[in-house]
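So in numbering that gives the first Met the number 0, the last spot in the sequence shown is 220, and the numbers never skip.
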Amino acid sequence: MIEYLFGDLFTNPGGIFTAFGRYHEAVWPMQIIGYGLGIIAIFLGFKRIKYSDTVILLILSFFWLWAGIVFNLVFFAPDYPVFYGLGPLAIAQGVLFLILGFRTDKLLPAFTFKADKYGVLGAVYILFALVIYPLIGYLTGHPYPNHPVFGVAPCPVCIFTFGILIWARKRLPVSVLVIPLIESFTGIIPSVLGLYADIGMVLGGIYGFFLILQKNKKLQE
């Protein structure tokens, strides 16, 4: 059963990095578009406009739907069937963000950077997803394209998502936190097999989940 779900991941751990290389070549230039959308979301967190929150949620929705459909189901599941299970989870998260994005203004979370604990920690998560995550890959012998990239791979997208959610200035539904938390745990096996940047996703997901719960409690008081 384990061999079926994970393919040759344990017997040939380097194969996953080769698979990333093929994937990134196939989806080019979506990497540039992904970074562009991420930068737009960050900009809207600093410079609010009328539909900032809706646009940010739609961007997050796109990232998760892409991860679920294209990354998990189309490219990786045929070689590593465990991704057949992860794909629907990512799609569900994308749908949740899509639904949340079309709520009325009074019910929308307000994603805004403020120079406080939450603003700084959210920015650290975002910086990790966009810059530090690929840098770790480079420094550990797995430079692009043989390493997950923000915008088109779920691992850095998960970290980025927590960063944006930490910026929320209204209480967040716990339902939007569950799947990112589950996704963060999926980094345990890859981090043991050499994808060391995923250690940040595992630890960041756990900390981010409880940090947002703490923030929700404060906003309720």
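Even glycine gets a Cβ: it sits at the ideal position worked out from N, Cα and C.
Check this for me: beta carbons of residue i and residue j, under 7 Å apart or not?
i: Tyr-132; j: Ala-196; result: yes
i: Phe-112; j: Phe-45; result: yes
i: Ile-163; j: Phe-208; result: no
i: Arg-170; j: Leu-126; result: no
i: Val-54; j: Leu-43; result: yes
i: Pro-153; j: Ala-128; result: no
i: Tyr-34; j: Gly-150; result: yes
i: Ser-60; j: Phe-96; result: yes
i: Asn-273; j: Phe-62; result: Look at the range of the chain in this structure, 0 to 220, and you will see that residue 273 is not part of it.
Please report how far the alpha carbon of residue i lies from the alpha carbon of residue j, in whole angstroms.
i: Phe-159; j: Gly-37; result: 8 Å
i: Lys-49; j: Asp-78; result: 44 Å
i: Tyr-143; j: Thr-185; result: 21 Å
i: Val-94; j: Leu-120; result: 26 Å
i: His-23; j: Leu-57; result: 23 Å
i: Ile-211; j: Phe-161; result: 9 Å
i: Gln-92; j: His-146; result: 23 Å
i: Gly-14; j: Ile-198; result: 19 Å
i: Ala-66; j: Arg-168; result: 27 Å
i: Tyr-137; j: Val-148; result: 11 Å
i: Ser-190; j: Ile-39; result: 30 Å
i: His-141; j: Thr-17; result: 10 Å
i: Arg-102; j: Ile-135; result: 38 Å
i: Ala-114; j: Ala-122; result: 10 Å
i: Arg-47; j: Pro-108; result: 13 Å
i: Lys-216; j: Pro-87; result: 30 Å
i: Tyr-117; j: Ile-41; result: 15 Å
i: Tyr-206; j: Ser-183; result: 10 Å
i: Phe-74; j: Gln-213; result: 37 Å
i: Ile-221; j: Arg-21; result: Beyond the ends of the chain as shown, which are 0 and 220, falls residue 221; an answer cannot be given.
i: Val-7; j: Thr-139; result: It should be noted that the sequence gives Asp, not Val, for residue 7. Cα-Cα distance, rounded: 21 Å.
i: Val-177; j: Pro-28; result: 30 Å
i: Thr-10; j: Ala-76; result: 17 Å
Pull up the CB-CB distance for residue i and residue j, whole angstroms please, since I reckon it's below 8 Å.
i: Pro-12; j: Gly-193; result: 6 Å
i: Val-175; j: Leu-99; result: 7 Å
i: Tyr-124; j: Ile-165; result: 6 Å
i: Cys-157; j: Pro-179; result: 5 Å
i: Ile-188; j: Val-201; result: Contact doesn't hold; Cβ gap of about 10 Å is too wide.
i: Val-26; j: Val-69; result: 7 Å
Complete alpha helix (DSSP H) runs within the segment 178-203 (minimum length 4 residues, chain order): 187-191
4 or more residues per run - each alpha helix (DSSP H) lying fully within the segment 31-82 = 51-65
### Message
If we require 4 or more residues per run, which alpha helix (DSSP H) segments fall completely within the segment 99-173?
### Response
116-126, 132-138 and 153-165
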